Amino acid sequence: MSNAILSIQNIRREFQMGTEVVRALKGVSFDVFPGEFVTIMGSSGSGKTTLLNTLGCLDKPTDGVYLLDGVDVGSLSRNELARLRNRKIGFVFQSYNLLARTSALENVELPLFYDSSVTAVQRRERAVKALESVRLGDRLDHLPNQLSGGQQQRVAIARALVNEPVMILADEATGNLDTRTSYEIMALIQELNQQQGKTILFVTHEPDIAAFSSRTVLLRDGKVQKDFKNENVRSAREALAALPVSDDY
Amino acid sequence: MHPLNLIRVALRALQRNKLRAFLTMLGIIIGVAAVIAMVAIGQGSKQSIQEQLSSMGSNMITVQPASNNMGMPGGVRLGASSLQTLTLADVKALQKKSEFLGAVSPVSSTNGQAINGAKNWPTQLQGVSPDYFDIRKLILRDGIIFSDQNVAEAAKVCVLGQTVINNLFDPGVNPIGKIIRFGKIPLTVIGVLKVKGVSSFGQDQDDVILAPYTTVQKRILATIYFQSIYASSTSEATSDTATKEITEILRTSHRLRSDEDDDFSIRTMQELLNTLNSTSQLLTVLLTAIAGISLVIGGIGIMNIMYVSVTERTKEIGLRMSIGARGIDILMQFLIEAIVISVTGGLIGIGLGIVSSLLITALLSWPTLISESSIVLSFLVCAITGVFFGYYPALKASRLDPIEALRYE
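Protein chains in written order, with our numbering: chain A, 399 to 647; chain B, 59 to 467.
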């Protein structure tokens, strides 16, 4: 499994809550290969948030091995984890997490500020390119409050792309959006996956979102209940076209 | 993160919250402005006292007779003015032997009525030598001062102060060449003093008639003693050395045994200057302390706002951490924000302090002197305040757990 971009083996995560030990992950194992679009599904309490934090290098497993792009995450210090997040992972959050009163361009530039190998000129070029790839090339100077929810999420996706990560980690990225907008976002993510070969891990609890992915990992009570390939990937663009043209009030 | 990036990130974060940044700065602005204005007022009053004193002759030394019991222990001690110890021999000895004295003049004065025609005026006649004008920094407005020749022949000439002129002559009359009387002695006016005004002790310095000391001694008082000797040291710095020198010369001249007390006392302007300086120094310290307190309060204001800011921006910190900011990056960002706030506030405060000092002088006509040291000092205090009060909030921010920070609402 040397060509896997992400490989977790028997990951366990336990929390000390007062006197009780909560076992959020009870031995999770799977590999993700380049170009895959994996949805991680599960009801609340299934451990999917803990798994996401672990995969996002925000948290370290109590036990088990996590290899990200060949790097053993378990052995890294806090600062090395930060560096790893900066270079290899792009986050997309449910609530966008854009900096208020900051232009779209500056929001997208943000991860590159923490990479001293990128010059100011490169930073701007790459941010513009990332925004163009989410079709917001004409909104560079717009502030978050001048953008719609879908546009804000696209800025967030551009921010996740700008550091050219090995994978994009999305946490309920369509959770705050209506159906039409969330299909638009899914179409964009599908496009990134299929046309640009980006590896995507998408955490959600909505089954119709999972239908757009190429593979689904179903968590239950801290364990992998099901891990299956989606043979019949639904096209988000077609789903979008199938929606009624205008909503009736 | 690259240091330049750090500064850029911090500046952008401040730009996003201009009003809050300004309000945070306000404490520092007021603190620094207060320090600078207060020190300026303190220094200004100190300088104006010094200027007044040096207009009286800041290296002036006066010698007066003093009681030494005259070898009669337990006897009645007499007041200094009635003592007769200073003679022309002393003056000559001082002029001849001393190295640190610039000019020496005896003073023999008497009070009496000056008369010109139908007008008269009670004033003081001081018998002095030409050197006296130099020692007291007296300048003539018109005419000439009397010469050594006038002194030698006890000439009946005098120089008048403005107050005397005002009281003895009609307005517009040139007193030069006129003859006035002091008591029974007619004196020809040969010079007029430039107005010196009231001294800081409330004494009218223009209410005086100056004449050769020989004239006063021989023609009016019939004495060989002087009330005092005025001298000037070669500079302000040599005033102490000159004092010691005078003591030695006068003790020798008076043939005092080593166990006898001095029969004279010496006072220097420097002593007076020191007393007044220590008063205005106290004023400066007091004002600076008050201003310093407001600076500290400004610093606490920064800490306060930075703490609130860290809490308020928890989510932003979480985001920054999730996209690769290390603890030190967050620490530095918040620290630089605090420093930028305090230093910018400091700079604005310095400007405001200078402007308000100038306004105080312009509107209240209080003397102010803006000292460079207070500017440098308050600026340094600002920067240190920024680091000191910004550090703990920044440390708190840098230690946040990214997962919890991201989930913070």
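Idealized CB from N, CA, C, for every residue including glycine.
As the structure is a prediction and not an experimental result, all values here were calculated from the model.
Check, Outcome
"Distance between L377 (chain B) and V368 (chain B) (C-alpha atoms, nearest Å)", "13 Å"
"The segment 396-405 of chain B / the segment 516-531 of chain A touching (three or more Cβ pairs under 8 Å)", "no"
"C-beta atoms of R421 (chain A) and D461 (chain A) nearer than 8 Å", "no"
"Own chain residues within Cβ distance below 6 Å of L69 (chain B), not counting five before or after", "none"
"Opposing strand residues paired with G185 (chain B) [DSSP bridges]", "B:S166, B:A269"
"Chain-ordered chain A contacts of K373 (chain B) [CB-CB under 7 Å]", "N495"
"Exposed unless 16 or more other CB atoms sit within 10 angstroms - verdict on M439 (chain A)", "buried"
"Endpoints, the alpha helix (DSSP H) within which P451 (chain B) is located", "430-456"
"The ligand NAD heavy atom lying under 7 Å from the CB of D298 (chain B)", "As far as ligands go, the structure on display features none, and thus does not contain the ligand NAD."
"Beta-carbon gap between I472 (chain B) and G201 (chain B) smaller than 8 Å", "Since the displayed chain B opens at 59 and closes at 467, residue 472 (chain B) lies outside it and no answer follows."
"Contacts that L453 (chain A) makes with chain B (C-beta to C-beta distance below 8 Å)", "Ordered by position in chain B, no residue passes the 8 Å Cβ test against L453 (chain A), which lies about 12 Å from the chain."
"Three-way DSSP call (helix, strand, coil) for G385 (chain B) in this model", "helix"
"Those residues which DSSP pairs with L599 (chain A) across a bridge", "A:V436, A:L567"
"Alpha-carbon to alpha-carbon, T82 (chain B) and Y449 (chain B)", "16 Å"
"Complete alpha helix (DSSP H) runs within the segment 275-352 of chain B (minimum length 4 residues, chain order)", "297-311"
"Closer than 8 Å to chain B by CB, A525 (chain A)", "no"
"DSSP-derived helix/strand/coil call for F392 (chain B)", "helix"
"Secondary structure of K424 (chain A), DSSP reduced to three states", "strand"
"Euclidean distance between Cα positions of R578 (chain A) and F447 (chain B)", "49 Å"
"The segment 430-449 of chain A / the segment 476-493 of chain A touching (three or more Cβ pairs under 8 Å)", "no"
"Start and end residues, beta strand (DSSP E) containing G488 (chain A)", "487-490"
"Cutoff 8 Å: T597 (chain A) Cβ touching any chain B Cβ", "no"
"Closest Cα partner of Y288 (chain B) within the set B:V149, B:I461, B:Q105, B:L340", "B:V149"
"Three CB pairs or more closer than 8 Å across the segment 84-91 of chain B and the segment 259-278 of chain B", "no"
"Test: D539 (chain A) CB closer than 8 Å to a CB of chain B", "no"
"Whole-number beta carbon distance between N117 (chain B) and E294 (chain B), since they are thought to touch under 8 Å", "5 Å"
"Reduced DSSP category for L196 (chain B) - H, G, I as helix; E, B as strand; rest coil", "coil"
"Separation of G350 (chain B) from D576 (chain A), as counted between CA atoms", "57 Å"
"Cβ separation of T95 (chain B) and S415 (chain B), assumed to be a contact under 8 Å, to the nearest whole Å", "Just to set this straight, residue 95 (chain B) is Ala in the shown sequence, not Thr. About 5 Å; that satisfies the 8 Å criterion."
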